[in-house]
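Those sequence lines, one after another, are chains A and B.
By this note's numbering, the letter at position 129 of the first sequence is numbered 129, and the numbering carries on one by one without gaps.
By this note's numbering, the letter at position 144 of the second sequence is numbered 144, and the numbering carries on one by one without gaps.
Beneath this line is the structure, given in structure tokens, with notes to follow.
Number of protein chains: 2
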Amino acid sequence: MKKTIAVDMDNVIVDIEANWINWYAEAFGVTVTKEAMHGIPEDQAFPDPLAARSLLYKPGFFRNAPVMPGAQEAIIKLQENYEVYIVSAAMEFPNSLPEKYDWLAEHFPSITWRNIIFCGDKSVINTDYLIDDHLKNLDFHKGKPILFTAGHNRGIDKHTRVNSWEEVLELLTSELV
Amino acid sequence: MKKTIAVDMDNVIVDIEANWINWYAEAFGVTVTKEAMHGIPEDQAFPDPLAARSLLYKPGFFRNAPVMPGAQEAIIKLQENYEVYIVSAAMEFPNSLPEKYDWLAEHFPSITWRNIIFCGDKSVINTDYLIDDHLKNLDFHKGKPILFTAGHNRGIDKHTRVNSWEEVLELLTSELV
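What follows is the structure, encoded as structure tokens:
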């Protein structure tokens, strides 16, 4: 039986930082940089964090977000040897549920509905690996947690870190031997 | 730490049989009985199974379904001693995602977004108990599977069976001692 991998969406297969920056610039005319997000929660990088958070509830915010570079090719490659589940804590933003479903159908058609999980707390998700950008998810994972670098988690020295989808492939290919 | 229970929606906290019968009667003028569903998949109980299945995609089908008798009181009671997750294989019907979310908010307000999981395959959900009406979910559960009686699963002699929410409470209260 193939080993299982749970893959987070935002900041892992979705470039939600770039998306947030674009939406904020369009709505409020101020462009912040990805570097401004280093070491702090994303919303704190914007001049008005509350205004930034309000964008998360706008129709289209999740549906039109860009794909993280390298994620598509890597997921298809991983599916050769692993059972890949997409596991998103989407329940906090119920408006995102249909948008995230449609986004996955467009950008990751090899992931069928059987392998999509939208949840709140990820502690009851039992896979061999979890690739995620948040300690709140990784710390309670029963398998092997893999920290995917995002601005907000820079500087954290915990769990195995990967900086790109190339590094994910390298790591998980080495685990097969 | 509290033990965890995953609770299915359709046929467990949602009386989807009654709902389906009502929608079919309204759409096609034929009322089938719950007894007609015994031992067969629900759709096969209707004169036109394909027409019956088409109802699952109609707006409002999941949103307006009746609550299973006793489920509300029992869930609140169980939450005193267990961590209760609602786990629905909603991903097969993406139109149901927002409807099921809103349905839960209305009828089970004590279940917060952190404890809701919409998935496809339930095999990676790791809880101490799973209350479900389908063997396809129960057979792969790593905890203790509990079969909730529905028309289609009558006659199946596998897993611990409960016939009502009163029986769920009785069983799970006895597990505490």
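Glycine included, C-beta positions come from ideal geometry on N, C-alpha and C.
Just so you know, these numbers come straight off a predicted model, no measurement behind them.
Scanning chain B for C-beta atoms nearer than 8 Å to the C-beta of Asn115 (chain A) yields Gly120, Asp121, reported in chain order.
The C-alpha of Ile76 (chain B) is placed about 44 Å away from the C-alpha of Ala74 (chain A). Annotation for Phe118 (chain B): the continuous beta strand (DSSP E) segment containing it runs 116-118.
Counting along the chain, the unbroken alpha helix (DSSP H) around Val168 (chain B) starts and ends at 165-174. A check of alpha carbon separations from Phe140 (chain B) across B:Asn126, B:Phe148, B:Gly151 identifies B:Asn126 as the nearest. One finds Asn126 in chain A with Cβ atoms closer than 8 Å to the Cβ of Lys142 (chain B), taken in chain order. The three-state secondary structure of Asp102 (chain B), taken from DSSP, is helix. For His107 (chain B), same chain residues with a beta-carbon under 7 Å away, outside a window of 5 residues either side, are Val67, Gln72 in chain order.
If you look at Leu78 (chain B), you'll find it in the alpha helix (DSSP H) that goes 71-78. With 16 or more other CB atoms across the displayed protein chains lying within 10 angstroms of its CB, Leu97 (chain A) is buried. For Ala51 (chain B), the uninterrupted alpha helix (DSSP H) run begins and ends at 49-54, by DSSP. At least one CB atom of chain A sits nearer than 8 Å to the CB of Pro94 (chain B). Listed in chain order, the non-local C-beta contacts of Asp48 (chain A) below 8 Å within the same chain comprise Phe28, local neighbours out to five positions each way being set aside. Any Cβ of chain B closer than 8 Å to the Cβ of Pro98 (chain A) would place that residue at the interface, and such an atom is present.
Interface criterion not met: the Cβ of Tyr57 (chain A) is under 8 Å from no Cβ in chain B. Using beta-carbon distances, Thr4 (chain B) counts as an interface residue toward chain A, with a partner under 8 Å.
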